[in-house]
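S.K.: Quick one: the structure is below, questions incoming.
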Amino acid sequence: MYRLAAFDMDGTLLLPDHTLGEKTLATLRQLAEKPMKLTFATGRHYLEMKDILANIGLDGFLITGNGTRIHDLSGHRLHASDLSDDCAHELLHTTWDTPASLHVFRDEGWFTDLDDPALLIPHQFSGFRYQLQDLRTLPDSGNSKVCFCAPHETLLKLVPQLKAHFGDRLDLCFSAHDCLDVQPAGSNKGSALALLTSGLGIEMSECMAFGDAMNDKEMLESVGMGLVMGNALPVLKEQVPHLQTIGHCRNQAVSHFLQHWLHSPNLTYSPEY
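Numbering (our numbering), first residue to last: 1 to 273.
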């Protein structure tokens, strides 16, 4: 019934220390041996995800930058969406009333003007790093997403500023408590997965997806089986109460669920917290 599985990374497939557990890796390899296409849908950069898959020896379609880029198994780019030039210019040249740090995703990499080693902790697994640059010197074109990083309460105060300034010219979503992503209107993991599956001849009803944050919402709601992590953001759980909740990423809940689905799909699943 299901022909494709789509996985968020941080807070879903990865452990809390942002590494991939051995049970999870073994299960993904089992799944890859079935007539099942693996897709990794993440806010992370394509360059980082390409290296992660190469290092763990898995093939998979990549939806990166929260749906702004899609790549096939051979690394060919299937889709790209960027912030409009005017939105990108305004984002990078406006003085926002916030202490949040600003980060930009371009095909060449991740750019920021803040040199903070703490930002690299989630990327120790891959070794991916930011490039320091005055963001106002970046071109207005070719910017796939902009990210503000700060404590959640700080970011909540920033949201009304951005909405008042841009209206519906772009989309905002929390990819984590401390991460507010700004990206092209209509560009998200759900719309990207719909584009990918259309090209593969797969119905969205034939897909399962796993996620934990608001940048997963459209994807989880649009597939045949959307699974919400036990450690998901409370606001996500509130907005998708009809979807099944599984266990915590610290217990490799994706692997736990998939083992049940692979071996005893007719039995009721009991999450492991």
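Backbone N, C-alpha and C fix where the C-beta goes; we use that ideal spot for every residue, glycine too.
For Leu53 and Asp59, I'd like the C-alpha separation in whole angstroms.
M.R.: As a first step, residue 53 must be located in the sequence shown, where it is residue number 53. As a first step, residue 59 must be located in the sequence shown, where it is residue number 59. Whole-angstrom Cα-Cα distance: 7 Å.
S.K.: Could you give the distance in angstroms between the alpha-carbon of Gly211 and the alpha-carbon of Phe7?
M.R.: Position 211 of the sequence shown, counted from the first residue, corresponds to residue 211. Position 7 of the sequence shown, counted from the first residue, corresponds to residue 7. So the alpha carbons of these two residues sit roughly 7 Å apart.
S.K.: Please work out which residues of its chain come closer than 6 Å, Cβ to Cβ, to Leu51, disregarding the five sequence neighbours upstream and downstream, and give them in chain order.
M.R.: Locating residue 51 in the sequence shown gives position 51, counting from the first residue. Correcting the residue type first, residue 51 is Asp in the shown sequence and not Leu. Here the set comprises Ser126.
S.K.: By Cβ distance, which residues of its chain are closer than 6 Å to Glu48, with the 5 residues on each side in sequence left out?
M.R.: The count along the sequence shown starts at 1 and reaches residue 48 at position 48. Ser126 and Phe128.
S.K.: Does Asn55 pass the burial test, meaning 16 or more other C-beta atoms within 10 Å, or should it be called exposed?
M.R.: Reading the sequence shown from its first residue, position 55 is the one you call residue 55. The residue in question, Asn55, is exposed, as its Cβ has fewer than 16 Cβ neighbours within 10 Å.
S.K.: Please classify Ile121 as buried or exposed, where buried requires at least 16 other C-beta atoms within 10 Å of its C-beta.
M.R.: Counted from its first residue, the sequence shown places residue 121 at position 121. Its Cβ having fewer than 16 others within 10 Å, Ile121 is exposed.
S.K.: My guess is that Leu158 and Thr112 are in contact by the Cβ rule of under 8 Å, so how many angstroms apart are they, rounded?
M.R.: Counted from its first residue, the sequence shown places residue 158 at position 158. Counted from its first residue, the sequence shown places residue 112 at position 112. Incorrect: roughly 16 Å between the Cβ atoms, too far for contact.
S.K.: Quick one: give me the first and last residue of the alpha helix (DSSP H) that Met219 is part of.
M.R.: Counting from one through the sequence shown, the residue named residue 219 turns up at place 219. Taken as a continuous stretch (DSSP letters only), the alpha helix (DSSP H) holding Met219 covers Lys217 to Ser222.
S.K.: Entirely within the stretch 217 to 266 and at least 3 residues each: give me those beta strand (DSSP E) ranges in chain order.
M.R.: Those beta strand (DSSP E) runs which fall completely within the stretch 217 to 266 and span 3+ residues are 225 to 228.
S.K.: Within 10 angstroms of its Cβ, does Ser175 collect 16 or more other Cβ (buried), or is it exposed?
M.R.: The count along the sequence shown starts at 1 and reaches residue 175 at position 175. Buried, since its Cβ has 16 or more Cβ neighbours within 10 Å.
S.K.: So Asp187 packs on Thr268, CB below 8 Å; how close in whole Å?
M.R.: Position 187 of the sequence shown, counted from the first residue, corresponds to residue 187. Position 268 of the sequence shown, counted from the first residue, corresponds to residue 268. A small correction: the amino acid at residue 187 is Ser; Asp does not occupy that position in the sequence shown. About 37 Å separates the two Cβ atoms, so there is no contact after all.
S.K.: What are the start and end residues of each continuous alpha helix (DSSP H) run of 4 or more residues lying completely inside the stretch 37 to 120, in chain order?
M.R.: Counting only runs of 4 or more, we get 46 to 56 and 85 to 93.
S.K.: By DSSP, does Ser141 sit in helix, in strand, or in coil?
M.R.: Along the sequence shown, one-based indexing puts residue 141 at 141. Note: Ser141 maps to coil in three-state DSSP.
S.K.: Quick one, are the C-beta atoms of Leu220 and Cys87 less than 7 Å apart?
M.R.: As a first step, residue 220 is located in the sequence shown; it is residue number 220 there, counting from the start. As a first step, residue 87 is located in the sequence shown; it is residue number 87 there, counting from the start. No, these two residues do not count as a Cβ contact at 7 Å.
S.K.: My guess is that Met214 and Val235 are in contact by the Cβ rule of under 8 Å, so how many angstroms apart are they, rounded?
M.R.: If you number the sequence shown from 1, residue 214 lands on position 214. If you number the sequence shown from 1, residue 235 lands on position 235. Confirmed, about 6 Å.
S.K.: For Met208, list the residues DSSP reports as bridge partners.
M.R.: To locate residue 208, count along the sequence shown from 1; it is residue 208. Beta-bridge pairing links Met208 to Ala5 and Met225.
S.K.: For Ala348, does the three-state DSSP call read helix, strand or coil?
M.R.: Outside the modelled stretch of the chain, which goes from 1 to 273, sits residue 348, for which no answer is possible.
S.K.: Measure the alpha-carbon distance for Ser84 versus Phe148 and round it to whole angstroms.
M.R.: Here residue 84 corresponds to residue number 84 of the sequence shown, with the count starting at 1. Here residue 148 corresponds to residue number 148 of the sequence shown, with the count starting at 1. For Ser84 and Phe148, the distance between alpha carbons rounds to 18 Å.
S.K.: CB Gly226 to CB Ala209, shorter than 7 Å?
M.R.: One-based indexing of the sequence shown puts residue 226 at position 226. One-based indexing of the sequence shown puts residue 209 at position 209. Yes, the pair counts as a contact, with Cβ atoms nearer than the cut-off.
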